[in-house]
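Engineer: 893 is the number of the first residue of the sequence shown in our numbering; add one for each residue after it. The following block contains the structure, expressed as structure tokens.
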Amino acid sequence: MTRVITYGTYDLLHYGHIRLLERAKALGDYLIVGVTADDFDKTRGKINVQQSLMERIEAVRATGIADEIIIEEYEGQKIDDIRKYDIDIFTVGSDWKGKFDYLNEYCKVVYLDRTEGISSSEIREEKRQIRLGLVGGSGFLNKVFAEAQFVNGIHVSAVWTSQAERMQCQLKELMVGSYEELLGKVDAVYIRSLPELHYEQAKKALSMGKSVLCEAPLTLNETETLELFSIAEENHGILMEAIKTAYSTAFSRLLLLVKGGKIGKIISVDATCTSLRKDATDWPGIYEWGPTALLPIFALLGTEFKSETILFQDQKQVDIFAKMEFIFKNAVASASVGDGVKSEGELIISGTKGYAYVPAPWWKTDYFELRYEDPSENRRYFYQLDGEGIRYELVAFARAVEKGKALPNISLQTTKAISETMGQFAKRENCTVIRG
Ligand code: CTP
893 MTRVITYGTY
903 DLLHYGHIRL
913 LERAKALGDY
923 LIVGVTADDF
933 DKTRGKINVQ
943 QSLMERIEAV
953 RATGIADEII
963 IEEYEGQKID
973 DIRKYDIDIF
983 TVGSDWKGKF
993 DYLNEYCKVV
1003 YLDRTEGISS
1013 SEIREEKRQI
1023 RLGLVGGSGF
1033 LNKVFAEAQF
1043 VNGIHVSAVW
1053 TSQAERMQCQ
1063 LKELMVGSYE
1073 ELLGKVDAVY
1083 IRSLPELHYE
1093 QAKKALSMGK
1103 SVLCEAPLTL
1113 NETETLELFS
1123 IAEENHGILM
1133 EAIKTAYSTA
1143 FSRLLLLVKG
1153 GKIGKIISVD
1163 ATCTSLRKDA
1173 TDWPGIYEWG
1183 PTALLPIFAL
1193 LGTEFKSETI
1203 LFQDQKQVDI
1213 FAKMEFIFKN
1223 AVASASVGDG
1233 VKSEGELIIS
1243 GTKGYAYVPA
1253 PWWKTDYFEL
1263 RYEDPSENRR
1273 YFYQLDGEGI
1283 RYELVAFARA
1293 VEKGKALPNI
1303 SLQTTKAISE
1313 TMGQFAKREN
1323 CTVIRG
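Right, here's the structure in full:
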């Protein structure tokens, strides 16, 4: 009996896949199909897959062509599978020609002609293109534009900025003269303006039925934040707060493990984010860093707390460093944020059984450790992070707009608390100011 194996993602199963499977089966008597797991796809840069692993497996099963379906979970698994399942022929489409020649050592390798004119990527692109407008006075728009190129279903179609000279050529071509003009050309906006402008800009867009992805803090108080979410709902638009760290796989896994009790009861969360002021035209850094540093604190400890801030200003009364202290019922936390002061940008979560350590720069999380009294129990975790999380954030936003329902990685509670805390900071409430 000739045993054949083939692998693929099989997202939105199409006739190209079916033709491939039929020809793979015809190469032998028994066909095993390896369907790639979501995490594995992510590590190899396939971030736009629309269907879950189970949906994709079901679709392959429903073709009735596969005799057996397995899941491909890790790099190098193909060799393991060929040995384990006693495979005679490995086959894939000709788009992979040459890439799997190394498997010739284990079995015969056959590249089948790919069906012209169809692919999952094209189907995803065709489903719906969200015309995205980029708004704000920050060079960061260049980064968002670059990351949007990796996201199926999003097309940047207009830019409105007060910082024209900082935009790359491609963005310069998309520039419009007013916010209103931009809103007339797009389905959704990404906002990275000064925090005090967010409320009006988001409100205007949402009232017109546009969706909004807005950098944190969404507004500078809880009431305005809630109002924006209700305007979004009334107008059937999506509103999402953008904090790229929330969309890193490692950061999400860290929260799950810690919430699941891996380090016992959480007693303290200490987050530090600092940078040296490169560019005085960008946001005041404390507003930029504050929401990121607050994210793990509120996500892990909730939002019932008392807080106090110590703010350092330089001689020109520019904010350069703030230490925000929080007291919860059974825990404490601190967020140290600086723009003009440099420190180790780490995140430490202390618990009754051990602690979680995320090395600098923790906000671009791809690695963390759970550490214990007995070092032999320590565990290390690594998850690939592409595009600092911006790419995944855009994928989540595109999916939410398409489905008409957001499943954000940041809870409404956290978003509200970030708005309120940053608003209090702006008003210098519960804040001691030290001038240098
Ligand atoms: N395949 C094919 N003809 C197509 C599309 C895919 O023969 N038009 C084959 C691939 O070569 C591979 C298998 O089907 O052997 C599964 O491919 P997969 O990557 O899941 O499908 P794509 O449509 O290529 O997906 P994407 O656009 O996301 O890369």
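Quick reminder that beta carbons are idealized off the backbone N, C-alpha and C, glycines included.
Near T1195, which residues of its chain fall below 6 Å by C-beta distance, leaving aside the five closest residues on each side in sequence?
Structural biologist: Same-chain partners within the cutoff: Q1305, A1309.
Engineer: In three-state terms, what does DSSP make of R915?
Structural biologist: Helix at R915.
Engineer: Give a yes or no on whether 8 Å exceeds the smallest Cβ distance from Y998 to chain C.
Structural biologist: In the displayed structure, chain C is absent; only one protein chain is listed.
Engineer: Can you find a heavy atom of ligand 1 that lies under 7 Å from the Cβ of T1007?
Structural biologist: Yes, ligand 1 has a heavy atom inside 7 Å of this Cβ.
Engineer: Expressed to the nearest angstrom, what Euclidean distance is found between the alpha-carbon atoms of I1212 and L1203?
Structural biologist: Those two C-alpha atoms are separated by around 8 Å.
Engineer: Use the C-beta contact count for G1315: other C-beta atoms within 10 angstroms, 16 or more gives buried, fewer gives exposed.
Structural biologist: Buried, since its Cβ has 16 or more Cβ neighbours within 10 Å.
Engineer: Taking buried to mean at least 16 other C-beta atoms within 10 Å of its own C-beta, is R1020 buried or exposed?
Structural biologist: Burial call: exposed.
Engineer: Sort out for me which residues DSSP pairs V1068 with in a bridge.
Structural biologist: Answer is none; V1068 lacks a bridge partner.
Engineer: Does the region 1174-1193 come into contact with the region 1284-1295, if we say contact requires no fewer than three beta-carbon pairs (one atom in each stretch) closer than 8 Å?
Structural biologist: No: fewer than three Cβ pairs fall under 8 Å.
Engineer: With a CB to CB cut of under 7 Å and the five nearest residues on each side skipped, what residues in its chain are close to Y1275?
Structural biologist: Answer for Y1275: T1141, A1142, R1145, D1258, listed in chain order.
Engineer: To the nearest angstrom, how far is it from the Cα of D978 to the Cα of L923?
Structural biologist: Roughly 12 Å between the two C-alpha positions.
Engineer: Shorter than 7 Å, the distance from the beta carbon of V984 to the closest heavy atom of ligand 1, or not?
Structural biologist: Flag set: Cβ of V984 near ligand 1.
Engineer: Looking only at its chain, what residues have a beta carbon closer than 6 Å to the beta carbon of P1183, apart from the 5 residues adjacent to it on each side?
Structural biologist: Correct list, in chain order: A1108, P1109, I1135, I1310.
Engineer: Can you check which of these residues, E997, L945, A1225, K1245, is closest to L1239 by C-alpha distance?
Structural biologist: L1239 has its Cα closest to that of A1225, out of E997, L945, A1225, K1245.
Engineer: Look at the alpha carbon of G937 and the alpha carbon of D930, and state the distance between them as a whole number of angstroms.
Structural biologist: Approximately 11 Å between the Cα atoms of the pair.
Engineer: Measuring from the CB of G900, is there a heavy atom of ligand 1 at a distance below 7 Å?
Structural biologist: Yes, since a heavy atom of ligand 1 falls inside the 7 Å radius drawn around the Cβ of G900.
Engineer: Taking only three categories from DSSP, how would you classify G920?
Structural biologist: In the structure shown, G920 sits in coil (DSSP, three-state: anything other than H, G, I, E or B).
Engineer: Checking 8 Å against the spacing of the C-beta atoms, do C1165 and A1191 come in under that value?
Structural biologist: No. Outside cutoff.
Engineer: Could you tell me which residues DSSP puts in a beta bridge with F1213?
Structural biologist: Partner(s): F1204, G1230.
Engineer: In the DSSP assignment, find the alpha helix (DSSP H) that holds M946 and state where it starts and stops.
Structural biologist: Note, M946: alpha helix (DSSP H), 945-955.
Engineer: Given K1245, which residues of its chain have a CB within under 6 Å of its CB, disregarding the five upstream and five downstream residues?
Structural biologist: Around K1245: I1155, G1156.
Engineer: Runs of 3 residues minimum, wholly inside the region 1249-1311: which ones carry the beta strand (DSSP E) assignment?
Structural biologist: Counting whole runs of 3 or more residues, the region 1249-1311 contains the beta strand (DSSP E) stretches 1259-1264, 1271-1274.
Engineer: Nearest to N1273 by alpha carbon, out of P1300, E1261, G1279, E1280?
Structural biologist: Per the sequence shown, the amino acid found at residue 1273 is Tyr instead of Asn. Closest by alpha carbon: E1261.
Engineer: Going by alpha carbons, who is nearest to Y899 out of Y907, Q969, A954?
Structural biologist: Nearest of Y907, Q969, A954 to Y899, Cα basis: Q969.
Engineer: Name, in chain order, the residues that DSSP records as bridge partners for Y899.
Structural biologist: Answer by DSSP bridge pairing, in chain order: G926.
Engineer: Alpha carbons only, please: which of K1208, S1235, A1223, K1221 is nearest the one belonging to K1215?
Structural biologist: Comparing Cα positions, the closest option is S1235.
Engineer: For I1158 versus A1223, is the C-beta distance shorter than 8 Å?
Structural biologist: Yes, the Cβ-Cβ distance between I1158 and A1223 is below 8 Å.
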